[in-house]
Amino acid sequence: MGRYRKILAAVDGSEPSMHALKEAFKLAQNEGSWITAVSVIPPYQGDLDLVAVGNIMASMRKPCDEALLKADKMAKEAKVLLKTVCEEGEAHERIVDLADAENCELIVMGRSGRGHVERTLVGSVTARVIGYSHIDVLLVPKDTTVGWQKALVAIDGSKYSGAAAEKAIDFAKSYGGELRVVSVVDVPPEFYAESPKTAEDLINKAKGFVEDVKRQAAASGVRAETFVREGEAYQKIVELAKEFNVDTIVMGSHGRTGIKRLLMGSVAEKVIGYAPCPVLVVKA
Numbered sequence: 001m002g003r004y005r006k007i008l009a010a011v012d013g014s015e016p017s018m019h020a021l022k023e024a025f026k027l028a029q030n031e032g033s034w035i036t037a038v039s040v041i042p043p044y045q046g047d048l049d050l051v052a053v054g055n056i057m058a059s060m061r062k063p064c065d066e067a068l069l070k071a072d073k074m075a076k077e078a079k080v081l082l083k084t085v086c087e088e089g090e091a092h093e094r095i096v097d098l099a100d101a102e103n104c105e106l107i108v109m110g111r112s113g114r115g116h117v118e119r120t121l122v123g124s125v126t127a128r129v130i131g132y133s134h135i136d137v138l139l140v141p142k143d144t145t146v147g148w149q150k151a152l153v154a155i156d157g158s159k160y161s162g163a164a165a166e167k168a169i170d171f172a173k174s175y176g177g178e179l180r181v182v183s184v185v186d187v188p189p190e191f192y193a194e195s196p197k198t199a200e201d202l203i204n205k206a207k208g209f210v211e212d213v214k215r216q217a218a219a220s221g222v223r224a225e226t227f228v229r230e231g232e233a234y235q236k237i238v239e240l241a242k243e244f245n246v247d248t249i250v251m252g253s254h255g256r257t258g259i260k261r262l263l264m265g266s267v268a269e270k271v272i273g274y275a276p277c278p279v280l281v282v283k284a
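Numbering of the sequence shown is given in the working numbering, commencing with residue 1 and proceeding in unit increments.
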């Protein structure tokens, strides 16, 4: 226990965000964590010289205050000590900056209904928080529960997926859970025809990746089952999650700079968009 001493939950009053907060309470209780709820007022773009600007600002602040009042009421009902903070500015910047200022180790956010990633995540606050955050981010879809009895960890041999594997093993050990470990090889059919040996080498490498994690898990007393799948990575990860009805998907997020931090088109972003369960994005 104690992987996350401080947790930051982003709320906006919507059902998905308040559900994620409720799940964050459970995690905080299990982990013995401090928890803060933050809501962000968008920046005012109008004329600051207007006489009515005070009324406008009060109107803009109202949803933030209402969300935090709701969060505070939920915390009292759950018997959880909660700190609430109202910030103003670009939502992803304020969330990430507050997480840094508060020395948090996890950001928890809700996820609304499923659909095409192009509509649900690209350019959204969620994608930007994941891209710019230095700490782990837990995405909780509406009507799902965070659990660690059956976790699926996605591996690609990078240090980022290695960090995800370590975190998944740690949770499984603490909560008496087991792991499914998957590595996906995305090899176009024409590649097999042109270079079958290279394709075979990639598959063998993937088998090595998952077996390494299985050995690490065994050393910690955690049972792990391994899989190598061929196809588009996010599809195979989501399919496996559904097939085994896993509680949580754990995966790494590759380090990026500039615009690439928005995760547009990344495997992590697509998994989050289509996952039937919570997704923990682990930062190396």
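Note that beta-carbon positions come from the ideal geometry of N, C-alpha and C, so glycine has one too.
Cβ shell of residue i (< 6 Å), same chain only, five flanking positions each side left out
i: residue 78; result: 25
i: residue 89; result: 43
i: residue 40; result: 87, 91 and 94
Spatially closest choice to residue i from the options, by CA coordinates
i: residue 136; options: 143, 157, 124 and 168; result: 168
i: residue 158; options: 282, 17 and 37; result: 282
i: residue 269; options: 209, 126, 162 and 183; result: 126
i: residue 6; options: 82, 62, 15 and 73; result: 82
i: residue 238; options: 166, 94, 64 and 271; result: 271
i: residue 248; options: 176, 216 and 150; result: 150
i: residue 85; options: 195, 182 and 68; result: 68
i: residue 74; options: 98, 22 and 29; result: 22
i: residue 30; options: 60, 156, 197 and 80; result: 80
Proximal residues to residue i (C-beta, below 7 Å), its chain only, five neighbours per side dropped
i: residue 20; result: 9, 108, 109, 110 and 140
i: residue 170; result: 3
i: residue 267; result: 233 and 234
i: residue 340; result: Absent from the model: residue 340. The displayed extent of the chain is 1 to 284, so no value can be given.
i: residue 96; result: 129, 132 and 133
Residue i: CB within 7 Å of a non-hydrogen atom of the ligand MN
i: residue 131; result: With respect to the ligand MN, the structure offers nothing, as it holds no ligand at all.
Residue range of the unbroken alpha helix (DSSP H) whose run includes residue i
i: residue 287; result: Outside the displayed range of the chain (1 to 284) lies residue 287, so it cannot be described from this structure.
i: residue 27; result: 15-31
i: residue 283; result: Careful: residue 283 lies outside any alpha helix (DSSP H) and carries neither H nor E.
i: residue 196; result: 196-219
i: residue 126; result: 125-132
Counted within 10 angstroms of its Cβ, other Cβ atoms place residue i as buried (16 or more) or exposed
i: residue 58; result: exposed
i: residue 15; result: exposed
i: residue 42; result: exposed
i: residue 277; result: buried
i: residue 285; result: Because the chain here runs from 1 to 284, residue 285 falls outside it and cannot be looked at.
i: residue 201; result: exposed
i: residue 236; result: buried
i: residue 243; result: exposed
i: residue 32; result: exposed
i: residue 36; result: buried
Residue span of the beta strand (DSSP E) that contains residue i, given as start and end
i: residue 136; result: 136-141
Beta-carbon contacts of residue i that lie in its chain and below 8 Å, excluding the five residues immediately before and after
i: residue 216; result: 165, 166 and 169
i: residue 186; result: 230, 231, 232 and 233
Sheet register partners of residue i (DSSP bridge)
i: residue 248; result: 151
i: residue 179; result: 151 and 224
i: residue 83; result: 36
i: residue 8; result: 36 and 107
i: residue 184; result: 229
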